[in-house]
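Have a look at the structure below before the remarks.
2 protein chains.
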Amino acid sequence: MMMMRAGLHAVRAFPSFSRSPSGHSVSGVLQIQGFGTQWKSPSAFQSLRPFSKVSLWPFNTQPKDFSEPNDSWSPEMRKMYDKYFALCEVEAEGGERETEGGEKKRAPWRKLPSYNRALKHATGGVYLSKVIQTKARLFTRNIEEEGAAFEYVVFMNKQEKRCVCIFQSGHLLEGPPGHVHGGAIATMMDSVTGTMTGYLSGPVVTANLNINYRSPIPLGAVVLIHSALDRVEGRKTFATCKVTSIDESKLHTEATVLFLSVKLGSFFGA
Amino acid sequence: MMMMRAGLHAVRAFPSFSRSPSGHSVSGVLQIQGFGTQWKSPSAFQSLRPFSKVSLWPFNTQPKDFSEPNDSWSPEMRKMYDKYFALCEVEAEGGERETEGGEKKRAPWRKLPSYNRALKHATGGVYLSKVIQTKARLFTRNIEEEGAAFEYVVFMNKQEKRCVCIFQSGHLLEGPPGHVHGGAIATMMDSVTGTMTGYLSGPVVTANLNINYRSPIPLGAVVLIHSALDRVEGRKTFATCKVTSIDESKLHTEATVLFLSVKLGSFFGA
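So the protein sequences, as listed, match chains A and B.
Residues 1 to 270 in UniProt numbering are what the first sequence lists, from first letter to last.
Residues 1 to 270 in UniProt numbering are what the second sequence lists, from first letter to last.
Right, dumping it as structure tokens:
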């Protein structure tokens, strides 16, 4: 048995991120989710091809980015999105973009796309039937109705090794009457912190998730989920996470999360 | 602001539990979820009426118990269900039922029913719109398609202050490719442990949830979630939880959970 922990995380995106709603660069195939910018050289990325070429997309269209604004977003949600999206603009100086190590200089913040499917060819022993392989959907993106469950978008600041997620909770996430389920909050904290860590450290799985619930989140509310990388010790990455009101005056939840780096092939056959 | 924590828990059931699939005693109104057997006297239960009389059920039918077996259950799931259900039979002695404090003697195990709605009249400030109040669904029971997400049933052993949940993970709970999302596991651990604690200690909310992920759960697998009450210190209840394979040979996840007792009215108006 491989030594793996539940909860593989990394950026569910391409090495080159689209930085505007219309800036998709994805076509033809739905790529592996979870293997982000840490492989920047073409040769390193080349080695991903055996997995990344698996086509889940029968048409030559782009997979949906679920973190784009939609009609279910409240004005509050949209306002926060616009605020962070504005921080993703390239900082032009004198009309020209500077380069840095051969790359175009970018603003410190960028929006990460979000898809609803992991790779279909994965280990799962006898349990993973063909039906499950075909129908499997990412837990946080498993409901078609916009606004019903998890509406969220993650903005990453690589320089400061932190990210901010804007999260609007839908009516299907109820726990205590009129409030968000503790498990839904745990899910978002795990996902956001894992996405950040995957972005910064490569593929990781969650080893420990320690959550303190400070005050409940009303169902329907928009909140911010702040996550920051604390330190890296060998295979271990320690991160922190907190959920606050959008003006950051109220602390809802806080957590520490320990991730373990895993090899790329861990979940894809022996 | 009230001092509340996210994650209200208690038995989502009536004081009198149905102990066979056909033994419903529910009719007419959908009761508050989460206020269980701790109020056994009629007068104490009477005080719940202002809330419990709220009718979400326009017809004189019974709310659906989502923990009853359905066609999506695998043979493994059904076999475990039958095993624990057999432990719920009354221990008849000499053909007669003994009484104990005026109640019929029962077997130590009983199956808890599971509904998909909390009370609609709950606090939620400006966030809780009428739409959300009407459409809100319990996070773990929010998907109509049988077998797609969380299929589970909880068996409680009051005497031993512990419970066992049989959990079959559906294809919409994916995290790492082919495996259950860490947040979905957290959700089940929080829910099961909270249900047990609510059953034993009255209404509680989750204050701390500390999870160690030991080995991933394949999507579609059936696992057992064992929860036990550790100790009570004033308002605090400490509980433990672990997720194992159905033969209990493999440990997938373990957690400690701290709950705080709350007053009944916490979530219902000021």
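Backbone N, C-alpha and C define an ideal beta-carbon position, used for all residues, glycine too.
Here the structure is a predicted model, which is why all the values come from computation and not from measurement.
Under the criterion of beta carbons closer than 8 Å, leucine 229 (chain A) and lysine 161 (chain A) qualify as touching, at roughly 4 Å. Between glutamate 76 (chain A) and valine 205 (chain A), the beta carbon gap of about 33 Å keeps them out of contact (Cβ cut-off 8 Å). In terms of beta-carbon proximity, phenylalanine 66 (chain B) stays away from the interface with chain A, with every pair separated by 7 Å or more. Residues of the segment 164-179 of chain A with a C-beta less than 7 Å from any C-beta of chain B: His171, Leu172, Leu173, Glu174, Gly175, Pro176, Pro177, Gly178, His179, listed in chain order.
Using beta-carbon distances, threonine 206 (chain B) counts as an interface residue toward chain A, with a partner under 7 Å. Look at aspartate 247 (chain A): its C-beta is not under 7 Å from any C-beta on chain B. Neighbours of lysine 263 (chain B) across chain A, judged by C-beta separation under 9 Å, do not exist; the nearest C-beta is about 13 Å away. Under the 8 Å Cβ criterion, the segment 162-178 of chain B counts as touching the segment 132-140 of chain A, having at least three qualifying pairs. In this structure, DSSP gives arginine 162 (chain B) an extended state, which the three-state scheme calls strand. According to the DSSP assignment, tyrosine 115 (chain A) belongs to no beta strand (DSSP E), since it is labelled neither H nor E.
Around methionine 188 (chain A), the same chain offers Thr140, Phe150, Tyr152, Cys165, Phe167, Ile225, Val243 as residues with beta carbons nearer than 8 Å, after the five sequence neighbours per side are excluded. The beta-carbon of glycine 182 (chain A) is placed less than 7 Å from the nearest beta-carbon of chain B.
Looking only at B:Lys83, B:Lys236, B:Leu87, B:Gly182, the smallest Cα-Cα distance to serine 201 (chain B) is reached by B:Lys236. For alanine 136 (chain A), the residues of chain B that pass the 7 Å Cβ criterion are His171, Glu174, Leu219, in the order they occur in the chain. Measuring C-alpha to C-alpha distances from tyrosine 213 (chain B) to each of B:Glu233, B:Ala207, B:Ala255 identifies B:Ala255 as the nearest. According to the DSSP assignment, threonine 195 (chain A) belongs to the alpha helix (DSSP H) that extends over 182-201.
Taking C-alpha positions only, isoleucine 246 (chain A) is separated from tyrosine 84 (chain A) by approximately 12 Å. Ranked by Cα distance from serine 114 (chain A), the first of A:Ser191, A:Gly234, A:Gly183 is A:Ser191. The beta-carbon of alanine 86 (chain A) is placed no less than 7 Å from the nearest beta-carbon of chain B. Close partners of leucine 251 (chain A) in chain B (Cβ separation under 7 Å) are lacking, with about 12 Å as the shortest Cβ gap. Between glutamate 145 (chain A) and the set B:Pro108, B:Asn142, B:Ala184, the nearest pair of CA atoms involves B:Asn142. Under DSSP, glutamine 168 (chain B) forms a beta bridge with B:Glu151, B:Val222. By the neighbour-count criterion, in which a residue is buried when 16 or more other Cβ atoms sit within 10 angstroms of its Cβ, glycine 265 (chain A) is exposed. Against chain A, the CB of phenylalanine 259 (chain B) has no partner CB under 7 Å away; the residue lies outside that interface. About 5 Å separates the beta carbon of phenylalanine 259 (chain A) from that of threonine 197 (chain A), a gap short enough to meet the 8 Å contact definition.
The bridge partners DSSP lists for leucine 138 (chain B) are A:Glu174. Identification of chain A residues near leucine 209 (chain B) by a Cβ-Cβ cut-off of 8 Å yields Gly182, Ala186, Leu209, Asn210, Ile211, Tyr213, ordered along the chain.
Looking at the DSSP output, glutamate 254 (chain A) sits in a beta bridge with A:Asn212, A:Lys242. With respect to the 7 Å criterion, histidine 179 (chain B) and proline 218 (chain B) are classified as neighbours on the basis of their beta carbons. Alanine 107 (chain A): not part of any alpha helix (DSSP H); DSSP gives it neither H nor E. In the three-state DSSP reduction, lysine 79 (chain B) falls in the helix class (H, G or I). Here glycine 175 (chain A) has His181, Gly182 as same chain residues with Cβ atoms under 6 Å from its own Cβ, once five neighbours each way along the sequence are excluded. Under the 7 Å criterion on CB atoms, phenylalanine 238 (chain A) is classed as non-interfacial with respect to chain B. Residues of chain B with a Cβ closer than 7 Å to the Cβ of asparagine 70 (chain A) do not exist, since the nearest Cβ in that chain sits about 16 Å away. Below the 9 Å Cβ cutoff, chain B contributes Gly175, His181, Gly182, Gly183 as neighbours of serine 191 (chain A), in chain order. Around the beta carbon of asparagine 70 (chain B), a 10 Å sphere encloses fewer than 16 other beta carbons of the protein chains shown; the residue is thus reported as exposed.
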